[in-house]
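**Student:** Start counting the sequence shown at 958; every next residue gets the next number (this note's numbering).
Glycine residues also receive a C-beta, built at the ideal position from the N, C-alpha and C atoms.
These numbers were taken from a predicted model, which means no experiment stands behind them.
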Amino acid sequence: MKKLLFLISIVIAAFGIACKKQDVPLFSGKNGISFYKGPYDPDSLGYSFAFSLVEKQRDTIFIPMRITGPANHVARAIAVKAGDGTTAREGKDFILPEATLPADSLTVNYPVIVLNSPEMKNGTFRLVVQVAPSKDFELGALGKEIGGTTNVASMIINISAQLIRPSYWPAGGYGDFGLFSQVKFKFMMEATGLTNFDSDVIGIDQYYNLPVVLQRKLAEYEAINGPLVDEDGLRVTFN
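1) When we look at the beta-carbon of residue 999 and count the other beta-carbons within 10 Å, is it buried (16 or more) or exposed?
2) Which partner residues of residue 1051 appear in the DSSP bridge assignment?
3) Please identify the residue among 1156, 1164 and 1004 whose C-alpha is closest to the C-alpha of residue 1078.
4) Which residues bound the alpha helix (DSSP H) around residue 1173?
5) Using the three-state DSSP reduction, which class does residue 1001 fall into: helix, strand or coil?
6) Measuring only the C-alpha atoms, how far is residue 1117 from residue 1103?
7) Beta-carbon separation of residue 1053 and residue 1070 under 9 Å?
8) Can you tell me whether DSSP reads residue 1139 as helix, strand or coil?
9) Specify the secondary structure class of residue 1102 as computed by DSSP and reduced to three states.
10) With DSSP as the reference, label residue 1078 as helix, strand or coil.
11) Check whether the Cβ of residue 1095 lies closer than 8 Å to any heavy atom of the ligand PLP, and answer yes or no.
12) Within 10 Å of its beta-carbon, does residue 1051 have 16 or more other beta-carbons around it, so buried, or fewer, so exposed?
13) Give the DSSP-derived three-state secondary structure of residue 991 in the structure shown.
14) Would you mind reading off the limits of the beta strand (DSSP E) that contains residue 1016?
15) So does the segment 1119-1136 actually touch the segment 1016-1025, counting three or more Cβ pairs closer than 8 Å?
16) Which one of 1167, 1083 and 1140 has the shortest CA to CA distance from residue 1151?
17) Enumerate in chain order the residues of its own chain whose CB-to-CB distance from residue 1095 is below 7 Å, with the five nearest sequence positions on each side excluded.
18) Which residue marks the beginning of the beta strand (DSSP E) containing residue 1032, and which one marks its end?
19) With respect to the beta strand (DSSP E) encompassing residue 1115, which residues constitute its N-terminal and C-terminal limits?
20) Does the Cβ-Cβ distance between residue 1125 and residue 1154 come in under 9 Å?
21) Compute the distance between the beta-carbons of residue 1193 and residue 1144, then report whether it is under 9 Å.
22) Which two residues bound the contiguous beta strand (DSSP E) that contains residue 1096?
23) In three-state terms, what does DSSP make of residue 1011?
24) Please report the distance separating the alpha-carbon of residue 1092 from that of residue 1086.
25) Tell me whether the beta-carbon of residue 1028 lies closer than 9 Å to the beta-carbon of residue 1061.
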């Protein structure tokens, strides 16, 4: 019996040593990083300096990034660059600053600085923000979905200083707000103090109530100045 127990002990010890030798090695390669977006996020972002009640010379757009690989107890360098298809001018229309992934983090919001250059009043500039290799990261795996999101190698930002029709405003009209025009939208901003009229932002009650408020504000304006005419020669109205 003692001999049997002794043999069993030897087998268990040998099995333990074998298991230790076969442990999965820790990941030691360079981690990857990419931008990511949700399933309903657009393929490109739009930014206009005209959608501000106070004139700005610069602003910051934050783009979410995440890594493939484990977190680290030290901060790590992130690198991005302007990719093919970019028409915006670095230093004049945008700045891509140096950034780091904070220690013990898997995600970070990269700050793209956009600049209000004089040329933006007459056109739109495209910036293709692309992941670039750094001393700590290479491009991460793409198309990998985590919680319904997708990794992408680049993000497109269209920058201007013009009042352009927002993505939430259909070409055929936006409820009782009616058809979009630059003059109408500027009036709406000045009358309400708002710059975003997306129903997901203002809420469904405001979506229905604001046109009534704007009708009253427009009547007050017209009593003093006459009809408000937009850039296409059409009278501004709210249904």
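**Tutor:** Here's the rundown:
1) When all chains shown are included, residue 999 counts as exposed.
2) Answer is 1047 and 1071, bridged to residue 1051.
3) It is 1004 whose Cα lies nearest to the Cα of residue 1078.
4) Unbroken alpha helix (DSSP H) run through residue 1173: 1161-1182.
5) Assigned with DSSP and collapsed to three states, residue 1001 falls in strand.
6) Roughly 33 Å between the two C-alpha positions.
7) Yes. Within cutoff.
8) In the three-state scheme derived from DSSP, where H, G and I count as helix and E and B as strand, residue 1139 is classed as helix.
9) Secondary structure at residue 1102: strand, using DSSP grouped into helix, strand and coil.
10) If DSSP states are grouped into helix, strand and coil, residue 1078 belongs with the helices.
11) Summarising the ligand content, the structure contains no ligands, and the ligand PLP is consequently not present.
12) So residue 1051 counts as buried.
13) Residue 991: strand per DSSP, three-state reduction.
14) Start and end: 1015-1025.
15) No, the segment 1119-1136 is not in contact with the segment 1016-1025.
16) Per the Cα distances, 1167.
17) If we look at residue 1095 and ignore the five residues flanking it on each side, its Cβ neighbours are 987 and 989.
18) Premise fails: residue 1032 is in no beta strand (DSSP E) and is neither H nor E.
19) Residue 1115 -> beta strand (DSSP E) spans 1111-1117.
20) Yes, the Cβ-Cβ distance between residue 1125 and residue 1154 is below 9 Å.
21) Residue 1193 places its beta carbon less than 9 Å from that of residue 1144.
22) Where residue 1096 is concerned, the enclosing beta strand (DSSP E) stretches over 1094-1096.
23) Here DSSP, grouped into helix, strand and coil, assigns residue 1011 to coil.
24) Residue 1092 and residue 1086 have their C-alpha atoms spaced approximately 19 Å apart.
25) Result yes, Cβ atoms of residue 1028 and residue 1061 sit closer than 9 Å.
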